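In our numbering, the protein residues as written are 39 to 98.
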């Protein structure tokens, strides 16, 4: 069966938007839930995530 993966972007308001959708559709987030940029492990050769971005939503 075919599937679709959708990516929505809500700069600076992603968490608020997804909690709204969750309430409208009466659903829960699929595990692992909300993933933030600060959840990413350090990677060799990649600069660390700036503190100002660590709490922003990367995936839901």
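By construction, the Cβ of each residue, glycine as well, lies at the ideal position given by its N, Cα and C atoms.
Nothing here was measured: the structure is a model prediction, and the numbers come from that model.
Presumed contact (8 Å Cβ cut-off) between residue i and residue j, rounded CB distance
i	j	result
residue 74	residue 95	6 Å
residue 87	residue 78	7 Å
residue 76	residue 92	3 Å
Enclosing beta strand (DSSP E) for residue i [first to last residue]
i	result
residue 97	95 to 97
Distance, residue j Cα to residue i Cα
i	j	result
residue 45	residue 83	27 Å
residue 53	residue 47	10 Å
residue 70	residue 90	23 Å
residue 62	residue 85	38 Å
residue 80	residue 41	32 Å
Residue range of the unbroken alpha helix (DSSP H) whose run includes residue i
i	result
residue 53	52 to 63
Of the residues the options, the one placed nearest residue i, counting alpha carbons only
i	options	result
residue 72	42, 39, 57 and 80	57
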